[in-house]
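This report refers to the structure that appears directly beneath it.
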Amino acid sequence: MYQSNYHPALSTKDLKRILVYGARLMFCVLVMEFLLHFMYVVAVSKTKAWEGDTPFQLSMLGMFNLNIIWLKLLIPWRLFRFWSLLDGIDPPENMIRCMDNNYSAVSFWRSWHRSFNKWVLRYIYIPMGGAGAGTGGYTSRVVNSLVVFSFVAIWHDIELKLLMWGWLVVLFLLPEIFATSYFKRYSNNSWYRHLCAIGAVVNIWMMMIANLYGFCLGHDGTIALLRAFFGTSNGLIYLVLSSGALFVGAQVMFEIREAEKRRGVDVKC
């Protein structure tokens, strides 16, 4: 019945666009194969074989683990979407940005598993009151976010580690929510963009720590990473230098989004 009443979107009639999408999918598959063949970060994290690693090596272990998680979800979702496009149906894209092209925790969850995000918003977050309004808006937003991420954690698996991950995500959302609300009044100042980039660096570190705890390194590995950063002089030097690199990366991400807006594209993430 649905198929008989479905009117194909214009995007499903553009064969060149669909073939380019298929080529991008194949490129992602090849990247995944390369990572799994030459970089044993998953095996290292599973066996906790990181003893003696430098802060740089530990952070790269975590980062590439997160990229592999992103790829292993992106590939099947894009395969099924590619198949649907060939069949004349245009379902939503679940991963609309590269995992490394994110500086906002709030925006990150809008672009990660986008169809599930929309379902959670429509059937859990908004019915519970959403972000609320007035002076009680912040409290409502925090409480509802806790409920949503607790549900998402249980949806993944009934495991204390994942519940802790969900609560960490909400905890790390708070600085961005409050800072965005407070500093928005200064958006016309020349220094505002650089302040946002500093906030982006903090956001990126917090998002990485939360997701490493929940899905990659677990409790022991995350503690080892933090000790390597803050317990040694080399770790502190690396933390400062890598934060500088992230600051530059955040500026590039800002400009990518500004370029998209100039083309009339605004995906709000």
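Numbered per our numbering, the sequence shown spans residues 32 to 300. The C-beta atom is built at its ideal place from N, Cα and C for all residues, glycine as well.
Assuming contact is defined by CB atoms lying nearer than 9 Å, are Leu256 and Leu243 in contact in what I supplied?
yes
Can you tell me where the alpha helix (DSSP H) with Val271 in it begins and where it stops?
264 to 293
With distances taken between CB atoms, is the gap from Arg109 to Met126 smaller than 9 Å?
yes
Out of Ser90, Leu105, Leu204, which has the shortest C-alpha to C-alpha gap to Leu61?
Leu105
Over what stretch of residues does the alpha helix (DSSP H) that includes Ile127 continue unbroken?
Here Ile127 belongs to no alpha helix (DSSP H), and DSSP marks it neither H nor E.
How would you call Ile99, buried or exposed, if buried means at least 16 neighbouring beta carbons within 10 angstroms?
A residue is called buried when at least 16 other Cβ atoms come within 10 angstroms of its Cβ; Ile99 meets this threshold and is buried.
Taking its Cβ as the centre, do 16 or more other Cβ atoms sit within 10 Å of Glu207, making it buried, or is it exposed?
If you draw a 10 Å sphere on the C-beta of Glu207, you find 16 or more other C-beta atoms in it, and that means buried.
By a C-beta neighbour count over all protein chains shown, 10 Å radius and 16 as the cutoff for buried, is Ala54 buried or exposed?
exposed
Should Thr170 be labelled buried (16 or more other beta-carbon atoms within 10 Å of its own) or exposed?
exposed
Beta-carbon within less than 8 Å of Leu67's beta-carbon, same chain only, minus the 5 sequence neighbours each way: which residues are those?
Val73, Ile99
In angstroms, rounded to a whole number, what distance separates the CA positions of Phe260 and Trp150?
38 Å
Do Ser181 and Tyr156 come within 9 Å of each other at the CB atom, strictly closer than that value?
no
C-beta contact flag for Phe203 and Met159 at 9 Å
Met159 is positioned such that its CB atom lies no closer than 9 Å to that of Phe203.
Enumerate in chain order the residues of its own chain whose CB-to-CB distance from Thr85 is below 6 Å, with the five nearest sequence positions on each side excluded.
none
Restricting to Cα atoms, I'd like to know which of Ala210, Ala241, Arg216 is closest to Ala228.
Ala210
Please tell me whether Tyr269 and Ser90 are closer than 9 Å, where the distance is taken between their beta carbons.
yes
Can you tell me whether Tyr217 is buried or exposed? The criterion is at least 16 other CB atoms within 10 Å of its CB, across all chains shown.
exposed
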